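Protein sequence lines correspond, in order, to chains A and B. First residue of the first sequence? That's 763 in our numbering, and the numbers climb one at a time after it. First residue of the second sequence? That's 331 in our numbering, and the numbers climb one at a time after it. Note that CB positions come from ideal geometry on N, CA and C, so glycine has one too. This one's a predicted model, so the numbers in the text were calculated from it and none came from an experiment. Worksheet for the structure shown next.
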Amino acid sequence: MADFLLEIGCEEIPARMIDAASAELRDRVGAILTRERLGRGDLASFELTSFDTPRRLAVLASGISAAQADVVEQVTGPSVNVAYKDGQPTPAALAFAKKAGVDVSQLEKTSTAKGEYITARVTKKGRTAAEILTEALPKEIATIYWPKNMYWRKPNERFVRPVRWVVAMLDADAIPLEFDGIRAGKNSRGNRILSDGAVTIPRAGSAYVESLRAAKVLGRGEREHQIRKALDAATRTIPDARWREDKALLDTVVNLTEFPSVILGGFDPQFLTLPEEVLVTVMRDHQKYFAVEDTRGKLLPHFLTVLNTDSDPRGLIRHGNERVLRARFNDARFFWETDQKKSLLERVELLRHVTFQKDLGSYYEKTRRVQRLCSWLSEQIKQGGLAVRPGVIHKAACLSKTDLTTELVKEFTELQGIVGGLYARVQQLDESLPEATRMAIADAIYDHYKPESTEDDAPRSMEGAVLSVGDKADSIAGMFALGLVPSGSKDPFALRRQANAIVKVIAEKKLPLRLGEMMRDARAGYQKSEAEKKFVDDAEFSRTTTAFFRERVEFYLKDVRGFAYDVVKAVLGADAEDVVDALERAEAVKQVLYMPEFQAIGAACKRIRNILKQAAEKGIRPAAKFEYLPEAAHEEKNLAAYLETNGPRIEAQRKAKKYGEALLLLATARERVDAFFDKVMVMAEDERVRANRLALLQTLLREFSTIADFSEIAAEKM
Amino acid sequence: MKSSSSNPLTYQELILRLQTFFADRGCVLQQPYDAEVGAGTMAPETFLRVLGPKPYKVAYVQPSRRPADGRYGENPNRLFKHTQLQVILKPPPENVQELYLESLGAIGIDLREHDIKFEEDNWESPTLGAWGIGWQVMLDGLEITQFTYFQQCGGVDLNPISAELTYGLERIAAFLQDVDSIYDIVWARDAETGEAVKYGDVRLADEQQFSVYNFEAATVDFQWTHFNQYERECSVLIDGYWSAKKARPDELVRLGLGGLVDSSGNAVAPNRYPLLAAYDLCLKCSHLFNILDARGAISVTERVGVIARVRALAVGIAKAWVNQQKNDQQKIGQQEGDVPGEQAEDESEKSGEAEAAHKQKAKKQKLAPVG
């Protein structure tokens, strides 16, 4: 058994790409070892470990075979008739034996369905691990996926950044593979600053990690641990303080360092008069600093920065970072103060000069449309019995995009919306409005880009929710009307993310909205605009938006709420327009799915669907209405009677949205349905009888499918 | 004062040290380009030199004008005209990162006392049809250098590529001298009296006056007229290259391009064709666009369109330039019998232009990067 090591030494890999690439490299190496039978007899006996830093991706495998086992294969040649004439081998047999590398006397015979053939046993010599890996690895390395790659030597050699060294070893021996002009060996490199650079790896396995540790290079886990410990230690020097946990930031700094340490810096408490959002954005997004807060979560005038070195002996690093932060905060304060010279109200006019999208006009026009759409949305929501303040939404919509003209947002684009909300809070928007209304407007503006991902929260207030939905629906409507439908990885306007946000807000705020109607109204907002000349026709718009939202709702139910795929399909098969309702139905269907009655009903629905389909294909049409014909079978009448009595009851429950009860009632149909299919032949000879039975089935299927299309339910579940 | 050295470099010493450092490593020291540019990348020493196969190493200081960044001399960190030290290494040596780190040592930065990180930052200039992959180099939280592996320039895939190091000189000087305002940077110090001349003494008036001009006084019509005229002149030159290349000596003379015919009556187009002048015109357009932009005369919608017009010029010049360089290489090869190894296969072009052009096209497609 041998230990294997592969290290690709690279110039600094972007922090955001390291984790995925490292896992991919490990999986690729694992796949080769498995495919080439380099495990210990059984396939998965080797152990794989990743090791990565900004300057290297490495994989360690222990317990691999030094060589493949030899394999004996039986090779089939020509038929016996061809191979022998009068008991003597023919030239064909001789040629086959030669090719197989055996003597003619060693050829065997085997009979197959097609006759008797000659065969040879060929021993395939196992290749050594070194041979296999030398040949296979370069291709695997070259095909690692990078969101953005480059070339530095030859245009066809691509990687994320220039590769500068490769270490490939089996135990203590180098494997002579070559990647992009670099011959692998035993020489790695240590920390740029804290070591003298060159590191010779004595052997694969733990010695690799030890050698790098001595050269001040730590693996990911150790770095994360070291950073957390150092953040804690530095924070402890301030009474009652804690550092603000931030997983994304931590992942970034872990992947920006090879041997991290932490220092605590401070800033002038005067800056704390600026909004926390601005201070934290500067620290986190621009400087990659952790914020420090007191026990109540209030920001303290300190920051923590993670260094790519072990210490700050003369305090120069702290001093430098404080200097940069001071300049950044000064800028932010300057922008904040400059922006106050023009109120958000005055900025509405400026939006005429800010383009939303080249064909869809300016943000001024968008604002008008969103206001209009939001008043329609508010009306729907009111009718659905929810409390909403249309006046707040109207005002918030009017001001929602004005922060795009502020210096602060031009500098910190990620703060769009938030800055508008903050400014709305401090500015006297309209003195006639009560304080609480002004704050509600400010909050709606502040939240209206939310949720920015499926993990992000929906807006806090109903008004913020409506504005969020209206803003996004307007964008989606405009883009789809122009035919700019996202496809594959192409979604430049992040329309999928926006639609996901709409679905999430509707679901979480329980908004009584129908998606198709909403999109039609959003589309109507563009009426008589210049853009409309370039629009696709209404049918195409309806088709593409319906399909698009159907996918988004499916995604939400399945990936966000965890419903099974077939439940989602069944529920959306009945209706995919009302998200809140679909969620309730999904919950109800999930509860009854394991009842044996539904197994039978699901099977019956599939059967009915097939019968109706085949009939339609043959041009046989159901009667307009089921009638109690004299020829009708007993089971047939029974089922019809059942439907007559229970149909309205099920429907009443369904209308009252008591889906659980409706489904339990529906389950009682099972006996009659089973009896019907046991005894009644649907496609009877008599045309009238046949049409009558088809009519009954059609009604049955329609009544069964109002909550979910049970024919979609996977059989094994039921 | 808390700085890495008790006796930090003056601004001009910083420049001198960096220049010396790169001169010692085989770079041509060029002088700043004598036309308005927005960045060192736009100087022909970068834009044109990175095209084509010929290796080149150059370093130069480039004052870079960005009208919209002016702040009337009132913001301590922002300038209308900042200064870059631009280095092009074509092709990049294998130890280019180490070389860069060494250059920091040369200006008094002891990396053992500082925190240095290479953070992903890919550079792109839509106006030049150019982009590259690289990092912003962060020193104690301050971005001091843009480090780029150029991949494409003027819409042309580069082969070989170049490494571009762009040092932000004011930032670095302020860091070294530990001053909070650019205007407090010591530019020069009198060796005898010890008296300091500050950045503000040298440059403040430029910031004040050009801010007024760019934001307020510049006449929009005038800038547009010039933009249109420069653009027209530039386009005519670019188109003219391709016709001049095919023209016979007598045709060139008739076109008023006698300069493209040598004393023995042979056509020397395209070698002498003034693409460098076309590029100057393109730079003028770019600068005028920047002024119009600062002046608020270009709406966001228009902006994309105007950038595309400038890019069309840059791309047209890059394409013609690559072609002209090929001809040059060939000419030099024929005259001196000294065809560089890489160019050997281009000799076949003697056999006939059309065929050679065809071959080149085929070759280019073959080398086109995947994805």
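Within chain B, Gly471 have C-beta atoms less than 8 Å from the C-beta of Gln1049 (chain A), given in sequence order. Against Lys649 (chain B), chain A offers no close residue; the least beta-carbon distance is about 18 Å (beta-carbon pairs closer than 7 Å). It is roughly 9 Å from the alpha-carbon of Asp865 (chain A) to the alpha-carbon of Ala882 (chain A). Secondary structure of Lys871 (chain A) (DSSP, three-state): strand. In this structure, Asn1083 (chain A) keeps its C-beta atom at 8 Å or more from the C-beta atom of Asp399 (chain B). Asp1192 (chain A) carries a coil assignment under DSSP once its states are collapsed to helix, strand and coil. At a cut-off of 8 Å, the C-beta of Tyr913 (chain A) has a neighbouring C-beta in chain B. Between Arg602 (chain B) and the set B:Lys656, B:Ala644, B:Leu611, the nearest pair of CA atoms involves B:Lys656. Listed along the chain, the chain B residues whose CB falls inside 7 Å of the CB of Thr1067 (chain A) are Gly471. Burial of Arg395 (chain B) is indicated by the presence of at least 16 other C-beta atoms within 10 angstroms of its C-beta. For Ala862 (chain A), the closest of A:Pro840, A:Pro1037, A:Tyr1404 by C-alpha to C-alpha distance is A:Pro840. For Ile446 (chain B), the closest C-alpha among the options B:Thr457, B:Tyr430, B:Leu458, B:Glu500 is that of B:Tyr430.
Proximity of chain A to Asp510 (chain B) at the Cβ level (cut-off 8 Å) is accounted for by Arg1085, Arg1088, Ala1089, in chain order. Nearest to Ala904 (chain A) by C-alpha distance, out of A:Asn918, A:Glu893, A:Pro851, is A:Asn918. When DSSP states are grouped into helix, strand and coil, Thr1057 (chain A) belongs to the coil group.
Non-local beta-carbon contacts of Glu473 (chain B) in its own chain, meaning distances under 6 Å to residues more than five positions away in sequence, involve Gln466 in chain order. In the three-state scheme derived from DSSP, where H, G and I count as helix and E and B as strand, Tyr1318 (chain A) is classed as helix.
Under the DSSP assignment, Phe1096 (chain A) falls in the alpha helix (DSSP H) whose first and last residues are 1078-1101. For Glu500 (chain B), no CB of chain A lies under 8 Å from its own CB, so it is not counted at the interface with that chain.
Listed as beta-bridge partners of Ile963 (chain A) by DSSP are no residues whatsoever. Approximately 7 Å separates the beta-carbon atoms of Phe1029 (chain A) and Phe1065 (chain A); this is inside 8 Å, confirming the contact. DSSP places Lys886 (chain A) in the uninterrupted beta strand (DSSP E) bounded by 877-886.
Counted as a single uninterrupted DSSP element, the beta strand (DSSP E) harbouring Lys411 (chain B) occupies residues 411-420. Listed along the chain, the chain A residues whose CB falls inside 8 Å of the CB of Asn337 (chain B) amount to none; the nearest CB is some 15 Å away. With a contact defined as Cβ atoms closer than 8 Å, Ile1143 (chain A) and Leu1229 (chain A) miss out at about 12 Å. According to DSSP, Leu472 (chain B) shares a beta bridge with B:Leu469. Here Thr890 (chain A) carries a strand assignment [DSSP, helix/strand/coil]. With contact defined as three or more Cβ pairs closer than 8 Å, the stretch 775-785 of chain A and the stretch 924-937 of chain A are not in contact. Think of a sphere of 8 Å around the beta carbon of Asp487 (chain B): the chain A residues whose beta carbon falls inside it are Pro917, in chain order. Leu1391 (chain A) and Gly1232 (chain A) have their alpha carbons spaced roughly 55 Å apart. Within the stretch 431-459 of chain B, contact with chain A at the beta-carbon level (separation under 8 Å) is assigned to Leu431, Leu441, Arg442, Glu443, His444, Asp445, Ile446, Lys447, Phe448, Glu449, Glu450, Asn452.
For Phe1096 (chain A), the C-beta contacts it makes with chain B under 8 Å involve Asn405, in order along the chain.
Interface flag for Ser541 (chain B) against chain A is unset, since no Cβ pair is found closer than 8 Å. Just measuring C-alpha positions, the residue of A:Tyr907, A:Gly943, A:Leu899 sitting nearest Lys916 (chain A) is A:Gly943. Not a single CB atom of chain B sits nearer than 8 Å to the CB of Gly792 (chain A). Assigned with DSSP and collapsed to three states, Pro579 (chain B) falls in helix.
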